[in-house]
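Below is one structure, written out as structure tokens, with a few remarks after it.
Numbering (the working numbering), first residue to last: 5 to 293.
This is the structure:
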């Protein structure tokens, strides 16, 4: 919606900026206990015969604008950028802030408070452990609505998350790998529940069959994050090495460490790299460099 406003000091008018091709809608989980703000970006071009690729984006309040504009600009020249047009579905919350405390509930698996890392401010962590319900919302409520309203290629579905959102991405990958074809975990908070990730990674490896559909994984972090006591980069690299050993079983994995970037500043460069990874004209693209 475009709104006209009057600046009393200058006596002028101006229009609110709206990203072309986007909309925002509200959705609730089936039991009505959880509400979400869903940000959607649709390409201006006609869909290919198979439908548009789709990226499901966590923490949409903070990063939807960056990703939707990047796809809108880069998707105009796929032969130059390595990015084809796609539908972006951002999952956010009813807030004007970039992050909501509800993300702790939605992005984490159940664990006891005694196992959690100490919070920087010394306070108790917000409600957590609802990742199973959140995934059901995505699979049973959100995806069917998006697929009803937009032409979607179900063989080119990506999920993108950063920090605790990156942890959620890995939890989905390791427990329900057929939910998406491409998984992008930026600065994943593996330290939040590392025993669970290690256990599920072992089970994931043992359950894979050689001829299953390939799974594409991008793990990434900012260079400056390696100095943090949570060992963000080391944990991500360890998981990358573990998953890289599964290449013959169709697991295609890449790790990127972005020079000079920290936990938050990494987001714009991660988005750009993630788009080339997930939306390459020839399919998810693993760099050989």
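Cβ atoms here follow ideal geometry from the backbone N, Cα and C, with glycine treated the same way.
Bridge partner(s) assigned by DSSP for residue 31 = Beta-bridge pairing links residue 31 to 40.
request  = Inspect the beta-carbon positions of residue 177 and residue 193 and report whether they are closer than 8 Å.
outcome  = Contact: no.
key: Helix, strand or coil at residue 61 [DSSP, three-state]   = In the three-state DSSP reduction, residue 61 falls in the strand class (E or B).
request  = Return the chain-ordered list of same chain residues with a C-beta closer than 7 Å to the C-beta of residue 56, the five sequence neighbours on each side being excluded.
outcome  = 47, 89, 90, 91, 154, 155, 156 and 157.
ask   = Expressed to the nearest angstrom, what Euclidean distance is found between the alpha-carbon atoms of residue 240 and residue 81?
value = So the two alpha carbons sit approximately 32 Å from each other.
ask   = Taking three-plus beta-carbon pairs below 8 Å as touching, is the region 229-244 in contact with the region 23-37?
value = Too few Cβ pairs lie closer than 8 Å, so no.
query = Under three-state DSSP, which class holds residue 222?
reply = In the three-state DSSP reduction, residue 222 falls in the strand class (E or B).
Buried or exposed (CB count within 10 angstroms, at least 16 for buried), residue 21 = The C-beta of residue 21 has fewer than 16 other C-beta atoms within 10 Å across all chains shown, which makes the residue exposed.
request  = State the Cα-Cα distance for the pair residue 42 and residue 142, rounded to the nearest angstrom.
outcome  = Rounded to the nearest whole angstrom, the CA to CA distance from residue 42 to residue 142 is 11 Å.
key: Rounded separation between residue 254 and residue 210 - CA only   = When rounded, the distance between both Cα atoms is 13 Å.
task = Mark residue 173 as exposed unless 16 or more other C-beta atoms lie within 10 angstroms of its C-beta, in which case mark it buried.
result = Its Cβ being crowded by 16 or more others within 10 Å, residue 173 is buried.
ask   = For residue 205, which residues of its own chain have a beta-carbon under 8 Å away from its beta-carbon, when the five flanking residues on both sides are left out?
value = These residues qualify, in order along the chain: 178, 243, 246 and 247.
ask   = Taking the alpha-carbon positions, what's the residue 164 to residue 138 distance?
value = Rounded to whole angstroms, the gap between the alpha carbons of residue 164 and residue 138 is 15 Å.
query = Any idea what DSSP makes of residue 95, helix, strand or coil?
reply = Reduced to three states, the DSSP call for residue 95 is strand.
key: CA nearest to the CA of residue 39, picked from 274, 146 and 228   = The candidate whose alpha carbon is nearest that of residue 39 is 146.
request  = Measure the C-alpha to C-alpha separation of residue 295 and residue 79 and round it to an integer number of angstroms.
outcome  = Nothing can be reported for residue 295, as the shown portion of the chain is limited to 5 through 293.
key: Closest residue to residue 263 among 228, 250, 18 and 113 (Cα-Cα distance)   = Ranking 228, 250, 18 and 113 by Cα distance to residue 263 puts 228 first.
key: Inter-residue spacing [alpha-carbon to alpha-carbon] between residue 24 and residue 94   = So the two alpha carbons sit approximately 15 Å from each other.
inquiry  = I need the straight-line Cα distance from residue 117 to residue 64, nearest angstrom please.
reply    = Unreliable placement is indicated for residue 117, whose pLDDT of 47 sits below 50; the coordinate value is still reported in the next sentence. Rounded to the nearest angstrom, the two C-alpha atoms are 27 Å apart.
query = My guess is that residue 1 and residue 112 are in contact by the Cβ rule of under 8 Å, so how many angstroms apart are they, rounded?
reply = No information on residue 1 is available, as it lies outside the stretch 5 to 293 that the chain covers here.
key: DSSP-derived helix/strand/coil call for residue 188   = Residue 188: strand per DSSP, three-state reduction.
inquiry  = Once the 5 residues before and after residue 110 are set aside, which same chain residues still bring their CB inside 6 Å of it?
reply    = Counting only residues of its own chain and dropping the five nearest sequence neighbours on each side, residue 110 has a CB closer than 6 Å to the CB of 134 and 138.
inquiry  = Comparing C-alpha positions only, which one of 76, 140, 166 and 102 sits nearest to residue 61?
reply    = Residue 61 has its Cα closest to that of 166, out of 76, 140, 166 and 102.
task = Please state whether DSSP places residue 118 in a helix, a strand or coil.
result = Because the pLDDT of residue 118 is 47, which lies under 50, any placement of that residue in the model is unreliable, and the question is left without a value.
inquiry  = Rounded to whole angstroms, what is the Cα-Cα separation between residue 182 and residue 221?
reply    = Distance between the alpha carbons of residue 182 and residue 221 is about 13 Å.
query = Between residue 5 and the rest of its own chain, which residues show a CB-CB distance below 8 Å, the 5 nearest in sequence each way excluded?
reply = Because the pLDDT of residue 5 is 41, which lies under 50, any placement of that residue in the model is unreliable, and the number read from its coordinates should be weighed accordingly. For residue 5, where only same-chain residues beyond five positions count, the Cβ hits under 8 Å are 20 and 22.
query = Expressed to the nearest angstrom, what Euclidean distance is found between the alpha-carbon atoms of residue 160 and residue 171?
reply = C-alpha separation (whole angstroms): 21 Å.
inquiry  = Quick test of your reading: residue 276 and residue 74, contact by CB under 8 Å. State the CB separation rounded to the nearest angstrom.
reply    = Sure, about 6 Å apart at Cβ, within 8 Å.
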